[in-house]
Structures are given as C-alpha cells and as structure tokens.
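> Starting off with a structure, shown below.
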Amino acid sequence: MTLKVLENGAESFVTAGGITITRERHDRPYEGAIDTYVDGLNSRRGAVFSSNYEYPGRYTRWDTAIIDPPLVISARGRAMRIEALNGRGEALLPVIGRTLGGLSEVTIADISKKLIRLDVAKPGRVFTEEERSRVPSVFTVLRAITALFKTA
262 MTLKVLENGA ESFVTAGGIT ITRERHDRPY EGAIDTYVDG LNSRRGAVFS
312 SNYEYPGRYT RWDTAIIDPP LVISARGRAM RIEALNGRGE ALLPVIGRTL
362 GGLSEVTIAD ISKKLIRLDV AKPGRVFTEE ERSRVPSVFT VLRAITALFK
412 TA
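So for the sequence shown, this note's numbering puts the first residue at 262; every next one is plus one.
Laid out in structure tokens, this is it:
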C-alpha cells in the first residue's frame with residue numbers, strides 16, 4: 262500500500278481491490294473521545310468496540326467506533342442482501358456487485374442503486390474435513406468483499 266498525503270493533511274491509498282480510500286485524522290484527548298459515538302447509537306446504526314485493559318509493555322487501552330456505516334450485509338440461509346445506507350454505500354455497491362457477479366458460487370437475484378440481492382449455491386459435491394472452508398457459503402461472499410478492501 263502506498264500512502265499519499267494530500268495538501269489538506271488527509272491520506273489517500275488504493276486497496277487490493279482498486280478502491281481509493283481517503284481518510285482524515287483528528288487528534289482528540291482519550292477521555293470522552295467516543296462519548297458522542299456511544300450516544301449516537303441510541304438513534305443511529307453503528308458500533309463501538311473498546312478495551313480498557315492495560316498491561317505495561319503489552320496491552321494499551323483502545324476504542325474504535327463507527328456511526329452511519331455505508332453498508333449493511335445480512336443473510337438468511339443462503340440468501341443475502343447488501344444494502345447501501347447512504348451515498349458512500351451507493352458508491353461501493355457497483356464495485357461489490359461486479360466482484361460478486363464474478364463468483365461462480367453466487368447468483369445475483371437483483372441489483373439496484375441501493376441493494377444487491379444474491380443467493381449462494383448449494384455445494385455440488387461432498388467436501389472432506391480438510392476442504393470444508395471451501396464449501397460455498399455466505400463466508401464466500403464475505404471473503405470476496407473483504408478482499409476488495411485488503412491493504413498491506
């Protein structure tokens with residue numbers, strides 16, 4: 262991954278899947294930094310992950326949070342939905358759709374500006390214990406999406 266620093270201090274890079282990411286960092290004091298995110302979860306989609314465990318030289322406290330994510334991915338059995346929740350999600354859906362459309366184990370049932378509906382094929386053969394991670398499943402789709410965003 263080659264990181265490019267932009268004039269405004271933001272950083273830009275391209276993922277393994279060809280997606281250009283631009284991010285900005287804002288320094289905040291640790292105390293209370295995620296309070297706005299925690300409060301936001303009362304009325305908006307998102308998640309907060311936190312660890313307050315410290316051990317000198319080994320573990321430090323950390324928090325990470327997201328509010329208003331771009332996408333929601335849901336599955337029931339072998340049927341999946343990838344839904345854009347905002348403009349950022351709408352920008353990602355075409356790239357995700359092209360990637361998933363190239364998977365032999367996936368059939369795209371419907372695709373629009375805000376939604377991809379798909380079905381994962383049932384296994385066409387019996388898999389040995391050593392091969393079970395290759396059985397077509399929703400994780401086939403999740404691995405393909407994750408690969409789009411892989412960075413070094």
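Backbone N, C-alpha and C fix where the C-beta goes; we use that ideal spot for every residue, glycine too.
Measuring only the C-alpha atoms, how far is THR297 from LYS383?
Roughly 44 Å between the two C-alpha positions.
> Compute the Euclidean distance between the alpha carbons of GLY293 and SER311, then round it to the nearest angstrom.
When rounded, the distance between both Cα atoms is 12 Å.
> So ASP329 is in the beta strand (DSSP E); what residue range does that whole segment cover?
First-last for ASP329: undefined, no H or E at that position.
> Any chance the segment 406-413 sits against the segment 268-281, with 3 or more Cβ pairs inside 8 Å?
The segment 406-413 is in contact with the segment 268-281.
> In whole angstroms, give me the CA-to-CA distance for ASN303 and ILE328.
Cα-Cα distance, rounded: 11 Å.
> Return the first residue and the last residue of the beta strand (DSSP E) that GLY307 is part of.
Looking at the DSSP string, the run of the beta strand (DSSP E) that includes GLY307 is 307-312.
> If you draw a straight line from the alpha carbon of ARG359 to that of GLU315, how long is it in whole angstroms?
Going by the C-alpha atoms only, they are around 43 Å apart.
> Taking 8 Å as the cut-off, decide whether the C-beta atoms of LEU361 and LEU332 are in contact.
It is not a contact, given that the beta carbons lie outside the stated cut-off.
> Work out the CA separation of ARG395 and THR325 for me, nearest whole Å.
The alpha-carbon atoms of THR325 and ARG395 are separated by roughly 32 Å.
> For ALA340, count neighbouring C-beta atoms within 10 Å of its own C-beta (all shown protein chains included) and say buried if the count is 16 or more, exposed if not.
ALA340 comes out exposed.
> Can you give the Cα-Cα distance for GLY307 and GLY301, rounded to whole angstroms?
Going by the C-alpha atoms only, they are around 8 Å apart.
> Cutting at 7 Å between CB atoms, please list the residues of its own chain near ALA405, excluding the five before and the five after it.
So the qualifying residues of the chain are THR360, LEU361, LEU364.
> Give every residue of the same chain whose Cβ lies closer than 6 Å to the Cβ of TYR320, excluding the five residues on either side of it in the sequence, and list them in chain order.
Hits under 6 Å: TYR314.
> Could you check if ALA345 is buried or exposed, using at least 16 other CB atoms within 10 Å of its CB as the buried criterion?
That one is buried.
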